[in-house]
Amino acid sequence: MEGYPQAAANFSKEANLPPQQDKSFVHARQQIRSAIHNGKIDEAITLLNHFNPEILDQDPPLHFALLRLQLVERIRQANSSGNDFAPVVKFAQDQLAPRASTKKEFLEDLEETMVMLFFTPDKMPAAQQRLLSPDLREEVADKVNKAILFHHSKRREAAIRQIVRMRAWAENVAREKKLDVPDIIDLGLNATADNRFHDHEHEAMITT
1 MEGYPQAAAN FSKEANLPPQ QDKSFVHARQ QIRSAIHNGK IDEAITLLNH
51 FNPEILDQDP PLHFALLRLQ LVERIRQANS SGNDFAPVVK FAQDQLAPRA
101 STKKEFLEDL EETMVMLFFT PDKMPAAQQR LLSPDLREEV ADKVNKAILF
151 HHSKRREAAI RQIVRMRAWA ENVAREKKLD VPDIIDLGLN ATADNRFHDH
201 EHEAMITT
């Protein structure tokens with residue numbers, strides 16, 4: 001479907017598939033992005049898992065980035081409220097340490113973040129001050145948004161390809177029974193995209 005956004009949209013409409021970005025999808029993305037921008041990482045992770053639990057399961061770097069940001073936010077909150085850091089340390093030990101042991105970059109990021117525990121906000125080293133800036137929230141929010149769009153696109157493409165294969169099978173059955181079937185059944189797309197879909201249809205029938 002790559003390179004044919006309008007063709008995919010037309011075919012989705014004919015096949016009675018939901019619009020590429022229906023209101024609930026857009027709303028979910030906005031909710032998740034807003035939660036991250038506001039430092040509510042627990043909420044963002046819950047919303048993301050509710051939307052599609054496969055995203056974090058299949059993307060360890062993204063999952064770690066969210067958990068690390070969650071650790072940063074917990075340190076920020078403990079610093080501002082004067083709360084005990086013990087729950088923060090436990091969160092790091094339970095959620096990040098096991099993942100950090102699997103990849104060098106994860107370990108380096110965790111170590112950089114844990115340094116924040118030893119400084120008050122006004123004496124924080126430059127590297128740690130960067131973690132407290134809005135830029136990190138924006139960076140993680142952007143990664144999450146791209147992951148959501150990627151997985152959504154994959155799901156839609158799989159659904160459309162399945163419908164195209166079914167259409168190709170129906171055409172072949174009709175022709176085998178000598179029914180009057182046009183050489184190319186119009187899928188409601190432009191001519192170029194129609195030909196491309198039908199090329200894939202016949203490939204699918206040969207390879208399956």
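1 is the number of the first residue of the sequence shown in the UniProt record's numbering; add one for each residue after it. From the three backbone atoms N, C-alpha and C, an ideal C-beta is built for every residue, glycine too. Being a predicted model, the structure only gives us computed values, none of them experimental.
Margin query: Quick check: F64 and H152, are their CB atoms within less than 8 Å of each other?
Written below: no
Checklist line | Close beta carbons around R137, own chain, < 6 Å, minus the five adjacent residues each side | finding: I36, H37
Checklist line | Whole-angstrom distance between P61 and Q93, CA atom to CA atom | finding: 17 Å
Next item on the list: Measure the C-alpha to C-alpha separation of D109 and R68 and round it to an integer number of angstroms.
Entry: Answer to the nearest angstrom: the Cα atoms are 8 Å apart.
Margin query: Between the alpha carbons of N145 and D42, how many angstroms are there, rounded?
Written below: 16 Å
Notebook entry, point to check: Would you call N83 buried or exposed, if buried means 16 or more other Cβ atoms sit within 10 Å of its Cβ?
Noted result: exposed
Next item on the list: Please determine, among I32, E73, L71, the residue with the shortest C-alpha to C-alpha distance to N52.
Entry: I32
Margin query: Give me, in chain order, the residues of the same chain whose beta-carbon lies closer than 7 Å to that of K103; leave out the 5 immediate sequence neighbours on both sides.
Written below: Excluding sequence neighbours, K103 sits near nothing in its chain.
Check: In chain order, what residues of the same chain have a beta carbon less than 7 Å from the beta carbon of N49, not counting five sequence neighbours either side?
Finding: L56
Check: Is N52 helix, strand or coil by DSSP?
Finding: When DSSP states are grouped into helix, strand and coil, N52 belongs to the coil group.
Next item on the list: Starting from the C-beta of A147, find all residues in its chain whose C-beta is less than 7 Å away, skip the five residues before and the five after it, and write them out in chain order.
Entry: Closer than 7 Å at Cβ, skipping near neighbours: I55, D59, L62.
Margin query: Using only the alpha-carbon positions, how far apart do S81 and E139 sit?
Written below: 26 Å
Notebook entry, point to check: In or out: T113 buried (at least 16 other Cβ within 10 Å) or exposed?
Noted result: Under this definition T113 is a buried residue.
Margin query: Quick check: L96 and L71, are their CB atoms within less than 8 Å of each other?
Written below: Less than 8 Å divides the Cβ of L96 from the Cβ of L71.
Item checked: Straight-line gap, V88 to A141 (C-alpha atoms, nearest Å) -> 22 Å
Margin query: What does the alpha-carbon distance come out to for the pair Q77 and V115?
Written below: 15 Å
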